[in-house]
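Participant: Sequential numbering of the sequence shown, starting at 1, is according to UniProt numbering.
The beta carbon of each residue, even a glycine, is placed where N, CA and C say it ideally should be.
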Amino acid sequence: MIKIIDKLATEHNLSYDELHRLIEHRNEELAEYLFEKARQVRILHYGHDVYMRGLIEFTNYCRNDCYYCGIRKSNCNADRYRLTKDQILDCCAVGYELGFRTFVLQGGEDGYYTDEIMADIVSSIKSKYPDCAVTLSLGEKSYESYKMLYEAGADRYLLRHETANADHYSKLHPSILSLETRKQCLYNLKEIGYQVGCGFMVGSPFQTTECLVEDLLFIKELQPHMVGIGPFIPHKDTPFADKTAGTLELTLFLLGIIRLMLPFVLLPATTALGTIHPKGRELGILAGANVVMPNLSPTDVRNKYLLYDNKICTGDEAAECRMCLNRRVESIGYKLVVSRGDCKMR
Ligand code: 5AD
Ligand code: FES
């Protein structure tokens, strides 16, 4: 197994069978070896810098009904909200003061925000903060819509593929959503010129080792600039309320593999990772992650954007969040930097 990790570290690629064996035979000792290699690669390209993204969750209305998601349209217990353009710009102002140079606008698939409205919000942010990057995370849209938002100034787009296995995809989503469309969106985003992020939940219901290998091979093929992975965490008002959560251990192991497969990738230590374990995000960084995405949404809506139960950072002020993260990152020998934090690939 050590040989497989060495091969991954030097060739940045493994076969289906090798990945399968590595995941199935993982243990604590192998994980430590993997993380050591992952840190070496990460430090080579990014030093000890940790990039910050200010996450603005601007709407929790969603037309979709993903079985895992707490803001799915069938959840009548969700307390719905939308932020105005001014509220979003206020979040950016607070964030800019705190040193954020990337703003991530994330929301459910909410028809209220037409392409015109979104383009106006994006271009306003870009003209006010020309030194900042804008990342969008708005779900599936047409090529033309993606293009319009790109032309309005959006730099990056996050759209997790959720699972690269079509059969598994259909167990997580109602049949109107398909893996094929999801993949097409990702390729469209790339073609338009976005820095693109895909990703998946670790330990989602019905996920097998085979699914994970397919996820890793898909990521290798897509060559995204960013990969977001975090444990699945059940939400009480969803069809998956009684399913088991993904583990810290497997999430960290996969972070290590992804760092070695794509040495330059921007890899967040996600909020979900911080939710399942008090030191989750620190451990994520030590396994190869190099990005954190603290919440910049107004305090009064934070506890409404609940994709899963017990989500962290729903109470703190943004500023406190920034300081608390600073302490956490420094405690393990890394530092939060004031930077757009672009991908250093090519
Ligand atoms: N647990 C963990 N992650 C979730 N997401 C949605 N619901 C959950 C959940 N219950 C993730 C999805 C989505 C991202 C915004 O949040 O992967 O793409
Ligand atoms: Fe909103 Fe899945 S529930 S996109």
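(1) As an exercise, report each continuous beta strand (DSSP E) stretch of at least 3 residues that is fully enclosed by the region 261-315, in chain order.
(2) Just the Cα atoms here: how many angstroms apart are Thr271 and Arg160?
(3) Going along the chain, which residues of its own chain have a beta-carbon closer than 7 Å to the beta-carbon of Leu19, five neighbours each way excluded?
(4) Evaluate Gly306 with the Cβ neighbour count: other Cβ atoms within 10 Å of its Cβ, from every protein chain shown; 16 or more gives buried, anything less gives exposed.
(5) For Val196, which option in Tyr150, Gly280, Asp79, Ala287 has the closest C-alpha, if you only look at C-alpha atoms?
(6) Using a Cβ-Cβ cutoff of less than 6 Å, which residues in the same chain neighbour Asp120 once the five nearest sequence positions on both sides are dropped?
(7) Ignoring anything shorter than 4 residues, give me the alpha helix (DSSP H) runs that lie fully in the region 100-161, in order along the chain.
(8) From the DSSP output, which residues share a beta bridge with Glu57?
(9) The beta strand (DSSP E) spanning Gly341 covers which residue range?
(10) Please classify Gly280: is it buried, with 16 or more other beta-carbons within 10 angstroms of its beta-carbon, or exposed?
(11) Quick one: what's got a C-beta closer than 8 Å to Ile5's C-beta in the same chain, skipping five residues either side?
(12) With a Cβ-Cβ cutoff of 9 Å, do Gly145 and His168 count as a contact?
(13) Rounding to the nearest angstrom, what Cα-Cα distance links Cys66 and Gly246 in this structure?
(14) Please list, in chain order, all residues of the same chain as Asp79 whose beta carbon is under 7 Å from its beta carbon, the five residues on each side excluded.
(15) Can you give the Cα-Cα distance for Val338 and Ser175, rounded to whole angstroms?
(16) Looking at the structure shown, is Lys335 part of a helix, part of a strand, or coil, going by DSSP?
(17) Between the alpha carbons of Glu282 and Cys211, how many angstroms are there, rounded?
(18) Using the beta-carbon count (16 or more within 10 Å), is Asn188 buried or exposed?
(19) Under the DSSP definition of a beta bridge, which residues are partnered with Asp49?
(20) Compute the beta-carbon to beta-carbon distance between Val227 and Ile258, rounded to the nearest angstrom, for a pair I have assumed lies under 8 Å.
(21) Counting along the chain, where does the beta strand (DSSP E) carrying Phe240 start and finish?
(22) Rounding to the nearest angstrom, what Cα-Cα distance links Leu138 and Ile233 in this structure?
(23) At the level of alpha carbons, what is the spacing between Ser178 and Gly333?
(24) Give the C-beta separation of Leu136 and Ala154 to the nearest angstrom, bearing in mind that I take them to be a contact with Cβ-Cβ under 8 Å.
(25) In angstroms with no decimal places, state the Cα-to-Cα distance between His225 and Asn75.
(26) Which one of Thr84, Ala241, Cys132 has the shortest CA to CA distance from Pro298?
(27) Is Ile88 buried or exposed, if buried means 16 or more other CB atoms sit within 10 Å of its CB?
(28) Residues in its own chain within less than 7 Å of Gly193 by CB, not counting five upstream and five downstream?
Facilitator: Let me lay it out:
(1) As far as the region 261-315 is concerned, it has no whole beta strand (DSSP E) run of at least 3 residues.
(2) C-alpha separation (whole angstroms): 15 Å.
(3) Once the five neighbours on either side are set aside, the close Cβ partners of Leu19 are Val213, Leu216.
(4) One point to set straight first is that residue 306 is Leu, not Gly, in the sequence displayed. Buried, since its Cβ has 16 or more Cβ neighbours within 10 Å.
(5) When each option's Cα is compared against that of Val196, the closest is Tyr150.
(6) Once the five neighbours on either side are set aside, Asp120 has no close Cβ partner at all.
(7) Listed in chain order, they are 115-128, 143-151.
(8) Paired residues: Gln106.
(9) According to the DSSP assignment, Gly341 belongs to no beta strand (DSSP E), since it is labelled neither H nor E.
(10) By the neighbour-count definition (other C-beta atoms within 10 Å, threshold 16), Gly280 is a buried residue.
(11) Within the same chain, Ile5 has close Cβ partners Leu22, Leu30, Tyr33, Leu34, Lys37, Leu260.
(12) Just to set this straight, residue 145 is Ser in the shown sequence, not Gly. No; because the gap between Cβ atoms is not below 9 Å, this pair is not in contact.
(13) Straight-line Cα distance between these residues: approximately 17 Å.
(14) Counting only Cβ-Cβ distances below 7 Å, and skipping sequence neighbours, we find Lys304.
(15) C-alpha separation (whole angstroms): 43 Å.
(16) Judged by DSSP in its simplified three-state form, Lys335 adopts strand.
(17) Distance between the alpha carbons of Glu282 and Cys211: 27 Å.
(18) Label assigned to Asn188: buried.
(19) Answer is Lys335, bridged to Asp49.
(20) Yes, they are in contact, since the Cβ atoms of Val227 and Ile258 sit about 5 Å apart, within 8 Å.
(21) Unbroken run through Phe240: none, as it is neither H nor E.
(22) Each residue's alpha carbon lies about 21 Å from the other.
(23) Straight across, the Cα-Cα distance linking Ser178 with Gly333 is about 42 Å.
(24) Leu136 to Ala154, Cβ: 5 Å. Contact.
(25) One C-alpha to the other measures close to 33 Å.
(26) Nearest C-alpha to Pro298: Thr84.
(27) Ile88 is buried by the Cβ-count criterion.
(28) Contacts found: Tyr150.
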